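Residue numbers (this note's numbering): 11 to 191. Cβ atoms here follow ideal geometry from the backbone N, Cα and C, with glycine treated the same way. These numbers come from a predicted model, not from an experiment. Worksheet for the structure shown next.
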Ligand SMILES: [Zn+2]
């Protein structure tokens, strides 16, 4: 028996759902026994990491499609190049392609040169989801940093998405912010 889990992208709520071959995961159970009942933690983590990657890349692509023209004059931005941006989430690291464009001529004067603009970096300054930051901060209060890291890694698909130093930096950051408030 195979359980195939697919990702399908539908634009509007009323758009018809079409069959696709976007299989995210195939869960195989070869025998008919109940020995391997349900999803294992590893299967669940792997599945969630794939869903997260798919969802974030689609969201980012669509958001970027709306950033292709200057808000002031409507001219299309000129593409310079693309970089990779790594976003850290509760379901692991997701790497997305992040284009860089030249700022619009209408924004400069004869003396100022055109600048390189990186729209995604501007929009996602922290590159970590608030939920992951919250979990890291919460567990680092109760456990030594390394144990907190190991605990989160065991439950979430964070194999490469979390580090000892990143938790410490978050805590220091959170501490600084709360003293400012
Ligand atoms: Zn413009």
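With distances taken Cα to Cα, identify the nearest neighbour of residue 62 among 11, 22 and 105. For the purposes of this step, residue 62 is taken as residue 52 along the chain shown, with counting starting at 1. The shortest C-alpha separation from residue 62 is found at 105.
Can you give me the Cβ contacts of residue 15 inside the same chain, cut-off strictly under 6 Å, excluding the 5 residues immediately before and after it? As a working note, residue 15 is residue 5 in the chain shown. Cβ within range, chain order: 34 and 35.
Grouping DSSP H, G and I as helix and E and B as strand, with all else coil, what is residue 36? Stepping through the chain shown from its first residue, residue 36 is reached at position 26. Three-state result, residue 36: strand.
Taking 8 Å as the cut-off, does the CB of residue 78 come closer than this to any heavy atom belonging to ligand 1? Numbered from its first residue, the chain shown carries residue 78 at position 68. Because no heavy atom of ligand 1 lies under 8 Å away, the Cβ of residue 78 does not count as near it: no.
Among the residues of its own chain, which have a CB less than 7 Å from the CB of residue 128, if the five just before and after it don't count? Mapped onto the chain shown, residue 128 falls at position 118. Excluding sequence neighbours, residue 128 sits near 108 and 110.
Can you find a heavy atom of ligand 1 that lies under 8 Å from the Cβ of residue 94? Numbered from its first residue, the chain shown carries residue 94 at position 84. False, no ligand heavy atom lies under 8 Å from that Cβ.
For residue 126, the three-state DSSP class (helix, strand or coil): The residue you call residue 126 lines up with position 116 of the chain shown. Residue 126 falls in the strand class under three-state DSSP.
Who are the Cβ neighbours of residue 6 in its own chain at under 7 Å, not counting the five residues just before and after it? Outside the shown range of the chain, which is 11 to 191, sits residue 6, and nothing can be said about it.
State the DSSP-derived secondary structure class of residue 171, mapped to helix, strand or coil. On the chain shown, residue 171 is found 161 positions in, with the first residue counted as 1. Only weak support exists for where residue 171 lies, its pLDDT of 48 falling under 50; the coordinates are left without a value.
Closest to residue 91 by C-alpha separation, out of 126, 100, 132 and 135, would be which residue? By one-based count along the chain shown, residue 91 stands at place 81. Ranking 126, 100, 132 and 135 by CA distance to the CA of residue 91 puts 126 first.
Simplified DSSP assignment, three categories, for residue 135: By one-based count along the chain shown, residue 135 stands at place 125. Coil at residue 135, not helix or strand.
Following the continuous alpha helix (DSSP H) through residue 55, name the residue where it begins and the one where it ends. Numbered from its first residue, the chain shown carries residue 55 at position 45. Unbroken alpha helix (DSSP H) run through residue 55: 51 to 75.
Consider the C-beta atom of residue 85 and the heavy atoms of ligand 1; say whether any pair is separated by less than 8 Å. Against the chain shown, residue 85 aligns to sequence position 75. For residue 85, the shortest separation between its Cβ and any heavy atom of ligand 1 lies below 8 Å.
Can you list, in chain order, the residues of its chain whose CB lies under 7 Å from that of residue 38, leaving out five sequence neighbours each side? For the purposes of this step, residue 38 is taken as residue 28 along the chain shown, with counting starting at 1. Once the five neighbours on either side are set aside, the close Cβ partners of residue 38 are 12.
Going by other Cβ atoms of all chains shown within 10 Å of its Cβ, with 16 needed for buried, is residue 84 buried or exposed? Mapped onto the chain shown, residue 84 falls at position 74. Residue 84 is exposed by the Cβ-count criterion.
Along the chain, where does the beta strand (DSSP E) that runs through residue 111 open and close? Along the chain shown, read from residue 1 onward, the residue named residue 111 stands at position 101. First-last of the beta strand (DSSP E) with residue 111: 102 to 112.
For the candidate residues 71, 137, 75 and 93, whose alpha-carbon lies nearest to that of residue 100? Numbered from 1 along the chain shown, position 90 holds the residue referred to as residue 100. The option with the nearest alpha carbon to residue 100 is 137.
Residue 192 burial status per 10 Å Cβ neighbour count (16 or more: buried): Residue numbering for the chain in the displayed model covers 11 to 191; residue 192 lies beyond these limits and cannot be assessed.
Let me check you understand the geometry: is the CB of residue 33 closer than 8 Å to at least one non-hydrogen atom of ligand 2? This structure does not include ligand 2; its bound ligands are ligand 1.
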